[in-house]
Structures are given as C-alpha cells and as structure tokens.
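Numbering follows numbering that gives the first Met the number 0, in which position 190 of the sequence shown is assigned residue number 189; successive positions increment by one, without gaps.
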Amino acid sequence: MPADHVDVIALHCDQGMATMVKICDAADRVLHLILIDFGSTCTSRCAPEDVVLGVLKTMAHPKIDVLIVSHQDKDHWSKLPALYQKVHDAGLTWQIDYTYYGGKDWGTSATKAQLTWPNAIPLQDDYSSYSTVGVKQPLFSLAGVTFYVLSANISDAGTNVKNGTSAVIVIEYGNPLRTAILTGDATIDTLVWINNKLEPWQKSPYGSPITNCWMLEVPHHGALATLTTNADWSAKTTTFVNYVTPLNIVASAGAHSQYSHPHKIVLDHFSTHVRGNAPLHYHVYFDDASTRWVEEQCQKGVFTTVLRLDGTFLDQRFTIYHDGRVTFHIGTAPGAVPGTGRESFGALPLCSRGRVENG
Ligand SMILES: [Zn+2]
Numbered sequence: 000m001p002a003d004h005v006d007v008i009a010l011h012c013d014q015g016m017a018t019m020v021k022i023c024d025a026a027d028r029v030l031h032l033i034l035i036d037f038g039s040t041c042t043s044r045c046a047p048e049d050v051v052l053g054v055l056k057t058m059a060h061p062k063i064d065v066l067i068v069s070h071q072d073k074d075h076w077s078k079l080p081a082l083y084q085k086v087h088d089a090g091l092t093w094q095i096d097y098t099y100y101g102g103k104d105w106g107t108s109a110t111k112a113q114l115t116w117p118n119a120i121p122l123q124d125d126y127s128s129y130s131t132v133g134v135k136q137p138l139f140s141l142a143g144v145t146f147y148v149l150s151a152n153i154s155d156a157g158t159n160v161k162n163g164t165s166a167v168i169v170i171e172y173g174n175p176l177r178t179a180i181l182t183g184d185a186t187i188d189t190l191v192w193i194n195n196k197l198e199p200w201q202k203s204p205y206g207s208p209i210t211n212c213w214m215l216e217v218p219h220h221g222a223l224a225t226l227t228t229n230a231d232w233s234a235k236t237t238t239f240v241n242y243v244t245p246l247n248i249v250a251s252a253g254a255h256s257q258y259s260h261p262h263k264i265v266l267d268h269f270s271t272h273v274r275g276n277a278p279l280h281y282h283v284y285f286d287d288a289s290t291r292w293v294e295e296q297c298q299k300g301v302f303t304t305v306l307r308l309d310g311t312f313l314d315q316r317f318t319i320y321h322d323g324r325v326t327f328h329i330g331t332a333p334g335a336v337p338g339t340g341r342e343s344f345g346a347l348p349l350c351s352r353g354r355v356e357n358g
C-alpha cells in the first residue's frame with residue numbers, strides 16, 4: 000500500500016538519541032515502523048519505549064520493519080532492552096525484520112548487545128548512497144519512502160573514531176521530494192567527508208542530491224567538542240549546511256544535561272537556513288558565553304526535545320505528505336501557544352548540573 004505521509008519523530012530520551020519513523024496511510028494507520036537509534040544515558044528518567052509500544056499496539060501486524068543503529072555508543076541503543084521487555088510484557092511478538100548498524104569501533108559489551116537484534120547487517124566501510132554523481136543508491140524503500148546512507152564507517156574519522164564513523168541517514172518522500180536527515184553522532188570529520196561526496200554533485204548539473212530538507216537532526220546532540228576539532232570547522236559546517244539547506248533543526252537534549260548538549264554555538268551554526276516563521280515555542284541550550292543553561296522562546300525552526308529547564312519535554316514530530324506538503328507538531332509549553340498532535344509530553348526531575356563534553 001502506498002503511504003500517505005511519513006512522520007519523523009525525535010523522541011525525548013534525555014541524553015541520548017531515538018528517532019521513530021512512522022509510515023502511515025490516509026487514516027493515520029501505521030503501515031511501517033522504523034527506529035533510527037534508541038538509547039539514553041539517563042535510563043530511569045525517560046521512556047521512549049512507551050511511545051513505541053503505544054504505536055505497536057495500534058498496528059495490524061505489530062513489528063519494527065527496520066532498526067538502524069548509527070554507531071556503537073550506548074546512548075544510541077541502550078533503550079532497546081527496555082523496549083523488548085515492554086513488547087514481551089504486552090503479549091506482542093518481538094519482531095525486527097532488518098537491523099543495519101554503523102560505527103567502526105564496537106567494543107565487547109556493545110557487540111554483545113547486537114545479539115538481540117535479529118538479522119543485523121553492518122553498513123559497509125566508507126559507504127555513501129551518493130558516491131556516484133547522478134545515481135542515488137537506496138538502502139531500502141518502504142511504501143514509497145526511501146532511506147539512504149549519507150555516510151557510514153568513514154576511514155577519515157580523525158581521533159574520534161566512535162562518533163566520526165557514525166552512520167548519517169537520509170529519508171526521502173513526496174512529490175516534490177522532501178527529506179529528513181538523521182545524523183547520529185557525526186563529527187566535523189564526518190561532515191568534511193560528506194562535503195567531499197556532495198561537492199561533485201553540487202558542481203554538476205544535478206546540484207545537491209539532498210534538497211528540501213524539512214528536518215535536520217543536529218549532529219551529536221549539539222556537541223561542541225567534536226565539531227571544533229578541525230581548525231576550519233566553522234566554514235566546513237557552513238558548507239555542509241549550505242549543501243542540505245535544512246528548514247528546521249532539532250536537537251536531542253537533556254534538561255541540564257551534564258554533557259551540556261546542545262550548545263548555542265552549534266545550534267546557531269546549523270540554523271542558517273531555518274524558517275523564521277515558526278509558531279512561538281520554547282527550546283533550551285547551553286550558552287557558551289555565560290556558561291549557563293538557557294530556556295528561550297523563539298519563532299525560528301530550532302527545536303529541542305527538552306522545552307523548559309524545569310524538565311518539560313516533548314517528542315518533536317515532523318511530517319512529509321505524498322504531495323510534498325509538510326507540517327510539524329510544535330513543542331509548546333503550558334501557557335505558551337498551544338501545539339497539536341502531541342506524541343507525549345511531560346516533565347522530568349532534573350539531571351545534575353555540570354559540564355562534561357562527551358556522550
Ligand atoms: Zn550520542
């Protein structure tokens with residue numbers, strides 16, 4: 000059955016990453032379910048597994064069609080056991096048709112975790128769906144929604160092999176085409192590698208193969224340290240942003256996260272092309288100038304999964320329709336402009352404050 004729309008939802012998972020992709024028919028029934036990363040370092044204070052279980056319960060044949068794990072860091076897969084348990088407890092069958100995973104430095108415990116992912120397929124080294132100008136090679140396609148690998152397992156990952164080899168996934172749908180980009184923990188080395196892939200396209204009559212980007216996940220939760228290891232990082236980041244021209248950016252965040260993700264400097268660098276006419280909403284960031292966490296109301300397409308510093312959070316949903324229409328369900332806080340179609344909404348106890356760059 001062809002899809003009517005695809006929802007790309009950045010689930011709140013505190014300091015971690017978990018993106019749920021729902022391919023739906025016109026009655027909003029879920030035809031296919033894809034997870035791209037599913038982890039957190041604060042496992043006791045967030046439950047993206049409850050959101051996914053809620054979706055599975057609505058499906059005629061409950062299953063995860065495809066799981067993609069960008070790389071080996073635990074904050075990108077650690078919630079999978081909790082999801083497995085919830086699915087089991089609900090009396091549903093645990094079924095994942097395919098798992099793809101990126102990253103070139105899987106340690107012992109992370110490799111052990113792979114055993115619970117059926118049909119796991121490693122992404123190829125130095126792989127990109129866009130290696131040949133004029134030819135896009137899909138990773139897979141479901142109901143007309145196509146998934147590509149922008150980069151995976153790059154050899155030029157610099158000193159941060161774990162994050163730099165992370166897979167970057169592109170979702171493409173609609174006529175005219177729209178895209179969403181899930182970046183995992185991509186570093187500046189990843190972006191430079193991607194720039195080198197996209198540059199020949201950009202210089203050719205084809206232009207950039209990734210156009211009309213409705214949603215870009217900010218790489219590595221908005222980390223500053225892995226973005227600034229290249230002396231020319233600001234210009235390199237700008238080149239990447241100009242190639243993919245994201246209209247909305249979203250960062251997975253933790254309230255007062257000890258990792259200080261996302262940094263304002265990073266959000267600013269990725270927001271060159273964001274729309275300036277979003278409804279009024281809150282987002283949070285770590286302000287490097289004042290070295291303090293800030294919550295802010297804004298009308299630009301800059302979103303975080305934590306809305307307020309009291310721990311108020313929201314799963315941020317971006318939708319692409321078959322005819323190229325796009326919507327998003329905005330993260331508003333109580334008392335602000337009301338949003339619609341909330342997946343889940345709540346407030347958390349806070350993380351301890353502090354500054355550690357990692358994750
Ligand atoms: Zn991470």
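Note that the Cβ used here is the ideal one computed from N, Cα and C, for glycine as well. Quick caveat: nothing in here was measured; it's all calculated off a predicted structure.
- Query: Should residue 324 go down as buried or exposed, given a rule of 16 or more other Cβ atoms within 10 Å for buried?
  - Reply: Around the beta carbon of residue 324, fewer than 16 other beta carbons sit within 10 angstroms, so the residue counts as exposed.
- Query: Going by other Cβ atoms of all chains shown within 10 Å of its Cβ, with 16 needed for buried, is residue 148 buried or exposed?
  - Reply: Buried: at least 16 other Cβ atoms inside 10 Å.
- On a CA-only basis, which of 322, 169, 285, 237 is nearest residue 35? Give me that one, please. Closest by alpha carbon: 169.
- Task: Look up residue 296 in the DSSP assignment and give the residues it is bridged to.
- Result: Residue 296 is bridged by DSSP to 281.
- Starting from the C-beta of residue 246, find all residues in its chain whose C-beta is less than 7 Å away, skip the five residues before and the five after it, and write them out in chain order. Within the same chain, and ignoring the five residues on either side of residue 246 in sequence, the residues whose Cβ sits closer than 7 Å to its Cβ are 212, 213, 272, 273, 274, 300.
- Message: Three or more C-beta pairs under 8 Å: does that hold for the segment 151-163 against the segment 86-105?
- Response: Judged by Cβ distances under 8 Å, the segment 151-163 makes contact with the segment 86-105, as three or more pairs qualify.
- Message: Could you pull the DSSP bridge partners for residue 315 from this structure?
- Response: Answer is 9, bridged to residue 315.
- Item | beta-carbon residue 13 near ligand 1 non-hydrogen atom, thresh 7 Å | Checking the 7 Å criterion, the Cβ of residue 13 is out of range of every heavy atom belonging to ligand 1.
- residue 131: first and last residue of the uninterrupted alpha helix (DSSP H) it sits in: First-last for residue 131: undefined, no H or E at that position.
- DSSP-derived helix/strand/coil call for residue 308: Residue 308 falls in the coil class under three-state DSSP.
- Query: Nearest-angstrom Cα distance between residue 359 and residue 256?
  - Reply: Given a span of 0 to 358 for the chain in the structure shown, any question on residue 359 remains unanswerable.
- Task: Go through the segment 6-76 residue by residue and report every complete run of the beta strand (DSSP E) that reaches 3 residues or more, in order.
- Result: Those beta strand (DSSP E) runs which fall completely within the segment 6-76 and span 3+ residues are 15-23, 29-39, 63-68.
- Message: Suppose you measure from the CA of residue 293 to the CA of residue 223; what does that come to, to the nearest Å?
- Response: Taking the straight line joining both Cα atoms gives about 16 Å.
- Message: Less than 8 Å between the C-beta atoms of residue 165 and residue 69, yes or no?
- Response: The Cβ-Cβ distance between residue 165 and residue 69 falls below 8 Å.
- Message: On the DSSP bridge list, what partners appear for residue 172?
- Response: For residue 172, DSSP records a beta bridge to 177.
- With respect to 7 Å, is the separation between the Cβ of residue 262 and the closest non-hydrogen atom of ligand 1 below this value? No - ligand 1 has no heavy atom lying nearer than 7 Å to the Cβ of residue 262.
- Rounded separation between residue 199 and residue 132 - CA only: So the alpha carbons of these two residues sit roughly 7 Å apart.
- Message: Less than 8 Å between the C-beta atoms of residue 284 and residue 208, yes or no?
- Response: No, Cβ-Cβ distance for residue 284 and residue 208 is not below 8 Å.
- Query: Between 21, 309, 268, which lies nearest to residue 3 when the distance is taken from Cα to Cα?
  - Reply: The option with the nearest alpha carbon to residue 3 is 21.
- Item | residue 291 classed as buried or exposed, judged by whether at least 16 other C-beta atoms fall within 10 angstroms | It counts as exposed.
- Message: Which of the three DSSP states is assigned to residue 108 in this structure?
- Response: Residue state for residue 108 is assigned as helix, using DSSP reduced to three classes.
- From the DSSP output, in three-state form, read off residue 362 for me. Beyond the ends of the chain as shown, which are 0 and 358, falls residue 362; an answer cannot be given.
- Message: Within the continuous alpha helix (DSSP H) that includes residue 187, where are the two ends?
- Response: From DSSP, the alpha helix (DSSP H) with residue 187 extends over 187-202.
- Message: Is residue 74 a contact residue of ligand 1, with contact defined as CB to any heavy atom under 7 Å?
- Response: Yes; taking the cut-off as 7 Å, the Cβ of residue 74 has a heavy atom of ligand 1 nearer than that.
- In whole angstroms, what separates the C-alpha of residue 94 from that of residue 117? Going by the C-alpha atoms only, they are around 8 Å apart.
- Per DSSP, what kind of secondary structure is residue 1 in: helix, strand or coil? DSSP places residue 1 in coil when its eight states are reduced to three.
- Query: Where DSSP assigns a beta bridge to residue 291, which residues make up the other side?
  - Reply: Its beta-bridge partners are 286.
- Examine the Cβ distances between the segment 110-124 and the segment 188-206 and report whether three or more of them are shorter than 8 Å. Output reads no: the segment 188-206 does not touch the segment 110-124.
- Query: Sorry if obvious, but does the Cβ on residue 88 come closer than 7 Å to a heavy atom of ligand 1?
  - Reply: Ligand 1 never approaches residue 88 closely enough for any of its heavy atoms to be under 7 Å from the residue's Cβ.
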